[in-house]
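Peer 1: Handing you this structure, nothing more for now.
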Amino acid sequence: MAFLSDNSITRRCLIPDTNFVGETTKWLPGMIEPFYAQSVKSEMREVGDVRIPVDVFSYGLSSYGYDVRLADGLEIFTNINNVSGDAKRPDKGNKVKAEILTDEWGGRFAWLPAGGFMLGHTVEYFRIPRDIIVICLGKSSYAREGIIVNVTPLEPEWEGQVVIEISNTSGVPQKIYVDEGISQFLFGLGDEVCSVSYKDRGGKYQGQLGITHAKV
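Numbering follows the numbering used here, in which position 88 of the sequence shown is assigned residue number 95; successive positions increment by one, without gaps.
And the structure:
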């Protein structure tokens, strides 16, 4: 299996509509939407009364992958309702919506308690081609603080926003930033096109938006 380069990823994301005639190019929906064709490492933000560049967890295209952003609307697992977990029969009572705060540098974040677990989802919507499978890894800056990001592979012809699972293995509360990079996705090109895709099987998470809980 080979991994797609930045050039190959771009070609699958920026697809010109050859049927459109006009002064500007019209783009068809591609593999990643929205798509940033270069890595974004800082943003202009309002801090107090001034607008200044602020470092962010990078997102967008990388050499052989794409760094996705974490959307807001996070959920934290809790036992405040004395509810246990069961992946076969999930109970929303063991999850609470995380409060989104803003720090002094304009960053938006939620606290993840020590040993805590959080669900989120990507800002981006994905349309995985039939000859591609996607492997998802965490970002090094978060990993060095004890934050583990887990995402199951994105299968051929799956589409939707990706649910992100975040664990805090450290002994202290950690800030988890929204609208910034959270995970790097690597796009593996199969040695041949698969016989049966996720779409062919009628996968239960096809077209998901936002946080979708376990389905069995």
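C-beta atoms are modelled at their ideal positions from N, C-alpha and C, and glycine is treated no differently.
In this text, all values refer to a predicted model and were calculated from it rather than measured experimentally.
Compare the Cα-Cα distances from I189 to each of V47, K33, W112 and report the closest residue.
Peer 2: V47
Peer 1: Can you tell me whether DSSP reads R208 as helix, strand or coil?
Peer 2: coil
Peer 1: Kindly indicate the opening and closing residues of the beta strand (DSSP E) around A150.
Peer 2: From DSSP, A150 is part of no beta strand (DSSP E) but of the alpha helix (DSSP H) over 147-150.
Peer 1: Would you grab the beta carbon distance between I78 and H128 for me? Rounded to a whole angstrom, and I think it's under 8 Å.
Peer 2: Just to set this straight, residue 78 is Ala in the shown sequence, not Ile. Going by Cβ atoms, the distance from A78 to H128 rounds to 5 Å, so yes, they are a contact pair.
Peer 1: Is the distance from the Cβ of G195 to the Cβ of I154 below 7 Å?
Peer 2: No, the pair does not count as a contact, with Cβ atoms beyond the cut-off.
Peer 1: In chain order, what are the residue ranges of uninterrupted alpha helix (DSSP H) at least 4 long that sit wholly in the segment 97-167?
Peer 2: 147-150
Peer 1: In the DSSP assignment, find the alpha helix (DSSP H) that holds I16 and state where it starts and stops.
Peer 2: 13-20
Peer 1: What does the alpha-carbon distance come out to for the pair Y149 and G92?
Peer 2: Y149 and G92 have their C-alpha atoms spaced approximately 26 Å apart.
Peer 1: Count Cβ pairs between the segment 203-219 and the segment 161-175 that sit closer than 8 Å; are there 3 or more?
Peer 2: yes
Peer 1: Using a threshold of 7 Å, state whether the C-beta atoms of I183 and A117 are closer than that.
Peer 2: yes
Peer 1: Here's the rule I'm using: 16 or more other beta-carbon atoms within 10 Å means buried, otherwise exposed. How should G214 be labelled?
Peer 2: exposed
Peer 1: Mapping DSSP to helix, strand and coil, what is A94?
Peer 2: coil
Peer 1: In terms of alpha-carbon separation, which member of L161, I59, R96 lies closest to Q191?
Peer 2: L161
Peer 1: Can you pull the DSSP bridge partners for Y184?
Peer 2: F116
Peer 1: Go ahead and label K146 buried or exposed: buried means 16 or more other beta carbons lie within 10 angstroms of its beta carbon, across all protein chains shown.
Peer 2: buried
Peer 1: The beta strand (DSSP E) spanning M51 covers which residue range?
Peer 2: 47-54
Peer 1: Helix, strand or coil: which one does DSSP assign to V61?
Peer 2: strand
Peer 1: Does the distance from the C-beta atom of A105 to that of L126 stay below 7 Å?
Peer 2: no
Peer 1: For the beta strand (DSSP E) containing D74, list its first residue and its last residue.
Peer 2: Looking at the DSSP string, the run of the beta strand (DSSP E) that includes D74 is 72-76.
Peer 1: Measure the Cβ-Cβ separation of G113 and V61 and say whether it is below 7 Å.
Peer 2: yes
Peer 1: Got a sec? Which residues, its chain only, sit under 7 Å from I142 by beta carbon, not counting five neighbours each side?
Peer 2: Excluding five sequence positions before and after I142, the CB atoms of its chain that fall closer than 7 Å to its own CB belong to P160, L193, G195, given in chain order.
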